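Here the protein sequences come in this chain order: A and B. Letter by letter, the first sequence follows residues 108 to 451 in the working numbering. Letter by letter, the second sequence follows residues 108 to 451 in the working numbering.
Number of protein chains: 2
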Amino acid sequence: MRTLQLSSSSLGLLLLCASAHAQSQDPLPSWNDAAAKKAIVRFVEGATREDSAAFVPTGERVAVFDNDGTLWAEQPMYTQLVFALDRVKALAPEHPEWRERQPFKAAIEGDLATLEGGVERAMAELMMATHAGNTVEEFAGYVKQWLATATHPRTGRRYTDMVYQPMLELLAYLRGHGFKTYVVTGGGIEFVRAFSERVYGIPPEQVIGSSIETTFELRGDKPSLVRRAAVDFIDDGPGKPVGIQQHIGRRPLAAFGNADGDLQMLQWATLGRKAGFALLVHHTDAKREWAYDRKTRVGRLDEALDEAKKRGWTVVDMRKDWKVVYAEPLVHSASRSEAVTNGP
Amino acid sequence: MRTLQLSSSSLGLLLLCASAHAQSQDPLPSWNDAAAKKAIVRFVEGATREDSAAFVPTGERVAVFDNDGTLWAEQPMYTQLVFALDRVKALAPEHPEWRERQPFKAAIEGDLATLEGGVERAMAELMMATHAGNTVEEFAGYVKQWLATATHPRTGRRYTDMVYQPMLELLAYLRGHGFKTYVVTGGGIEFVRAFSERVYGIPPEQVIGSSIETTFELRGDKPSLVRRAAVDFIDDGPGKPVGIQQHIGRRPLAAFGNADGDLQMLQWATLGRKAGFALLVHHTDAKREWAYDRKTRVGRLDEALDEAKKRGWTVVDMRKDWKVVYAEPLVHSASRSEAVTNGP
Numbered sequence: 108m109r110t111l112q113l114s115s116s117s118l119g120l121l122l123l124c125a126s127a128h129a130q131s132q133d134p135l136p137s138w139n140d141a142a143a144k145k146a147i148v149r150f151v152e153g154a155t156r157e158d159s160a161a162f163v164p165t166g167e168r169v170a171v172f173d174n175d176g177t178l179w180a181e182q183p184m185y186t187q188l189v190f191a192l193d194r195v196k197a198l199a200p201e202h203p204e205w206r207e208r209q210p211f212k213a214a215i216e217g218d219l220a221t222l223e224g225g226v227e228r229a230m231a232e233l234m235m236a237t238h239a240g241n242t243v244e245e246f247a248g249y250v251k252q253w254l255a256t257a258t259h260p261r262t263g264r265r266y267t268d269m270v271y272q273p274m275l276e277l278l279a280y281l282r283g284h285g286f287k288t289y290v291v292t293g294g295g296i297e298f299v300r301a302f303s304e305r306v307y308g309i310p311p312e313q314v315i316g317s318s319i320e321t322t323f324e325l326r327g328d329k330p331s332l333v334r335r336a337a338v339d340f341i342d343d344g345p346g347k348p349v350g351i352q353q354h355i356g357r358r359p360l361a362a363f364g365n366a367d368g369d370l371q372m373l374q375w376a377t378l379g380r381k382a383g384f385a386l387l388v389h390h391t392d393a394k395r396e397w398a399y400d401r402k403t404r405v406g407r408l409d410e411a412l413d414e415a416k417k418r419g420w421t422v423v424d425m426r427k428d429w430k431v432v433y434a435e436p437l438v439h440s441a442s443r444s445e446a447v448t449n450g451p
Numbered sequence: 108m109r110t111l112q113l114s115s116s117s118l119g120l121l122l123l124c125a126s127a128h129a130q131s132q133d134p135l136p137s138w139n140d141a142a143a144k145k146a147i148v149r150f151v152e153g154a155t156r157e158d159s160a161a162f163v164p165t166g167e168r169v170a171v172f173d174n175d176g177t178l179w180a181e182q183p184m185y186t187q188l189v190f191a192l193d194r195v196k197a198l199a200p201e202h203p204e205w206r207e208r209q210p211f212k213a214a215i216e217g218d219l220a221t222l223e224g225g226v227e228r229a230m231a232e233l234m235m236a237t238h239a240g241n242t243v244e245e246f247a248g249y250v251k252q253w254l255a256t257a258t259h260p261r262t263g264r265r266y267t268d269m270v271y272q273p274m275l276e277l278l279a280y281l282r283g284h285g286f287k288t289y290v291v292t293g294g295g296i297e298f299v300r301a302f303s304e305r306v307y308g309i310p311p312e313q314v315i316g317s318s319i320e321t322t323f324e325l326r327g328d329k330p331s332l333v334r335r336a337a338v339d340f341i342d343d344g345p346g347k348p349v350g351i352q353q354h355i356g357r358r359p360l361a362a363f364g365n366a367d368g369d370l371q372m373l374q375w376a377t378l379g380r381k382a383g384f385a386l387l388v389h390h391t392d393a394k395r396e397w398a399y400d401r402k403t404r405v406g407r408l409d410e411a412l413d414e415a416k417k418r419g420w421t422v423v424d425m426r427k428d429w430k431v432v433y434a435e436p437l438v439h440s441a442s443r444s445e446a447v448t449n450g451p
């Protein structure tokens, strides 16, 4: 809505052109032709046409995407937590002490009720125990191996096949218009890097996320980066603009999220400036995916939904706006990464 | 030297071709035709020709450059420290207490001897006092304003005109061959970002450096990132590979430095792997620039020089290898950044 106000004079013509073009080759075929899709196209056309009042030069076209619940499913629990629980089980034979110690005992026994009593703390402890003590290459290997075989209990799909087709189209559409696309996740930066290029076409240097400390070690002639059991950075909520600045050094022009943890990132992209686009994916589709917002614990969307109304941000109604939800399964070893053209 | 061993079979032909090409259009005209230049060309040709045994795909072509002493001059003291001292003087009227308190008193009075008694600690304290308490935009503004007018006491040049012409040619040569070029500085990330795109053609998202903590604040409808007087990350020595992993998520293929603080970055680029190129700029030119290595305090090159000999890294003898040292002064508001082609 914000963009509309800014360039209403030139938008009529632009929309006519965009519409004519869309009929021949729709860049967002999985999106129904409703308000959300129109707002996206309006924003992209406005930012990229040189004769537009909202024109933005290529280098400044930065688009940031939350991961869990925005690019792939996050229910009934964050995929990285499922991975951590499976890692606990895999490592349990080396840790007999875990059999009697919480939260490890519950994790090994699959006793999620106990875990859920204090999920944040339990999650942090399980993460540290299973994500540290290895090198960055080793950790990436564990993640890739797990993603290749683990399947979701309800859909039977691999987790990397629970990515949203409409969002993949949106990523490609933005990249096709000179945007640099980033993942900005509350999850672990190295966890997401293990699949982001293959699954989203987003290279590791364009992934921003939470991190644990790493240290450089040289053993003989072999250098390595060793992961430590200490939190380095939490890329969530007000941490997201901080992570974006640290990695990119520019304000994003467009921000895409689905939960309260994305609120500040969307504010940072839009408030107090002329340009800027913000979009929330609202999970309204209990049949094809999940329906949740204000009262869920995983991916709560409450404050940000109110803010979206107040600010005129685009809200995607998944049930009504998306023709399909999940992408076609990715054949093993296939990749969605387009040819990479390096910048400077 | 490492690359030569790897692909000696195909190198003869490659070098012939490169040589024929070089005669018509030399990509490194400010480099004398000696060992260092030959090693650079050999590495780049090997990494980028598809028929080469050392071929590396585009996405993996990552080149990291130290800043102080590698891309621009660092004597008699780091430029950022000169900036900090000038900021102390500019802010002094608002801080009457500084007149009697060290290290501020010495900074205001230009008493560098006192400062040099404990330079690291004094520097840290001055940095915190002058670099924090503002927003990232405000800080970038101070740096740009200062760089536009401050001049070096010996050369009379602006600091951004004390960048090395041969290194600018090297950056352009690498980018022309599909490399993504990064600055990896022990200095402040936001300090270098304030000029890296204009002066080196390196955009803010490809600058890695030391940082202080920042926090997101929303005052009314105005979001900002406020810089705090607390160290977040020191991107020096063993911190450089850590910073590289955090930002890029890949091992660099080529690393360029000039001091012991770059040692681990060069090790990370080369040791225990087939590909990888490392280069040290050795300051041997007392007449045109400065001559220093093992015994200087600013930019000491001691351990890394021994390691270079042991590992066969390329060492640039500034006096013999470089036809010119400094680039032509950059006309105000001009830029060395090429047209930015965004990747995915």
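C-beta: ideal position from N, C-alpha, C; glycine also. All figures in this text were calculated on a predicted structure; none of them were measured in a lab.
Can you name, in chain order, every residue of its own chain whose Cβ lies under 8 Å from the Cβ of A/Val-195, other than the five neighbours on each side?
Trp-205, Phe-211, Ala-214, Ile-215, Leu-233, Ala-236, Thr-237
Among all the DSSP beta bridges, which residues are the ones paired with B/Ala-361?
Partner(s): B/Ala-170, B/Phe-384.
Please tell me whether A/Val-270 has its Cβ less than 7 Å away from any Cβ of chain B.
no
By alpha-carbon positions, which one of B/Asp-369, B/Leu-370, B/Ala-231, B/Gln-187 ends up nearest to B/Tyr-249?
B/Gln-187
By the DSSP assignment, the beta strand (DSSP E) with B/Thr-292 in it spans what residues?
287–295
Starting from B/Arg-282, trace the alpha helix (DSSP H) in both directions and tell me its first and last residue.
272–283
For A/Pro-348, go through chain B and note every residue whose CB falls closer than 8 Å to its CB, in chain order.
Phe-323, Pro-330, Leu-332
Taking 7 Å as the threshold (beta carbon to beta carbon), is A/Ile-355 in contact with chain B?
yes
Please state whether DSSP places B/Trp-138 in a helix, a strand or coil.
B/Trp-138 falls in the strand class under three-state DSSP.
Just mark B/Gly-283 as buried or exposed, buried being the case when its beta carbon has 16 or more other beta carbons within 10 Å.
exposed
Could you check whether B/Asp-428 and B/Asn-139 sit closer than 7 Å to each other, using their CB atoms as the reference points?
Yes.
Enumerate in chain order the residues of its own chain whose CB-to-CB distance from A/Thr-322 is below 8 Å, with the five nearest sequence positions on each side excluded.
Leu-332, Val-333, Arg-335
Just to confirm, is the Cβ distance from A/Val-423 to A/Ala-143 under 7 Å?
yes
Let me know if A/Glu-152 comes out buried or exposed under the rule of 16 or more other beta-carbons within 10 Å of its beta-carbon.
buried
For A/Ile-315, write down the residues that DSSP places opposite it in a beta bridge.
A/Val-291
So, with DSSP's three-state summary, where would you put B/His-202?
coil
Any residues in the stretch 371–393 of chain B with a beta carbon nearer than 8 Å to a beta carbon of chain A? Which ones, in chain order?
Across the stretch 371–393 of chain B, CB contacts with chain A closer than 8 Å involve Gln-371, Gln-374, Trp-375, Leu-378, Gly-379, in sequence order along the chain.
Could you work out which residue in A/Arg-404, A/Arg-156, A/Val-438, A/Asp-173 is closest to A/Gly-285 when comparing CA atoms only?
Nearest to A/Gly-285 by C-alpha distance, out of A/Arg-404, A/Arg-156, A/Val-438, A/Asp-173, is A/Arg-156.
Determine the closest residue to A/Val-148 out of A/Ala-361, A/Tyr-433, A/Thr-258, with distance taken between C-alpha atoms.
A/Ala-361
Among the residues of its own chain, which have a CB less than 7 Å from the CB of A/Met-269, if the five just before and after it don't count?
Trp-179, Ala-180, His-259, Thr-262, Tyr-433
What's the call for A/Glu-297, buried or exposed, on a 16-neighbour Cβ count within 10 Å?
buried
Using a Cβ-Cβ cut-off of 7 Å, state whether B/Glu-312 counts as contacting chain A.
yes
When you compare each of A/Asn-174, A/Pro-203, A/Ser-159, A/Ala-161 to A/Ser-317 by their alpha carbons, which one comes out closest?
A/Asn-174
For A/Ala-385, which residues in the same chain have their Cβ closer than 6 Å to its Cβ, ignoring the five residues on either side in sequence?
Ala-362, Leu-373, Ala-376, Thr-377, Trp-420
Just confirm the distance between the C-beta atoms of B/Arg-407 and B/Arg-401, as a whole number of angstroms; I'd bet it's less than 8 Å.
7 Å
In the stretch 164–176 of chain A, which residues sit with their C-beta less than 9 Å from some C-beta in chain B, listed in chain order?
Pro-164, Thr-165, Gly-166, Arg-168, Val-169
Can you look up B/Tyr-185 in the DSSP assignment and give me helix, strand or coil?
coil
List, in chain order, every chain A residue whose beta-carbon is nearer than 8 Å to that of B/Pro-345.
Thr-322, Phe-323
Classify B/Val-338: buried if its beta carbon has 16 or more other beta carbons within 10 angstroms, exposed otherwise.
B/Val-338 counts as exposed, since fewer than 16 other beta carbons sit within 10 angstroms of its beta carbon.
Give the secondary structure of B/Pro-348 by DSSP, where H, G and I count as helix, E and B as strand, and everything else as coil.
Looking at B/Pro-348 - three-state DSSP - the assignment turns out to be helix.
Under three-state DSSP, which class holds B/His-424?
A small fix is needed here, since residue 424 of chain B is Asp in this sequence, not His. Of the three classes helix, strand and coil, the one that applies to B/Asp-424 here is strand, per DSSP.
Just grab the DSSP bridge partners of B/Thr-321 for me.
Looking at the DSSP output, B/Thr-321 bridges to B/Arg-334.
Checking the sheet assignment: what are the DSSP bridge partners for B/Gln-429?
Here residue 429 of chain B turns out to be Trp, not Gln, going by the sequence shown. B/Trp-429 is bridged to B/Trp-138.
Measure the Cβ-Cβ separation of B/Gln-371 and B/Pro-348 and say whether it is below 7 Å.
For the pair B/Gln-371 and B/Pro-348, the CB atoms are nearer than the 7 Å cut-off.
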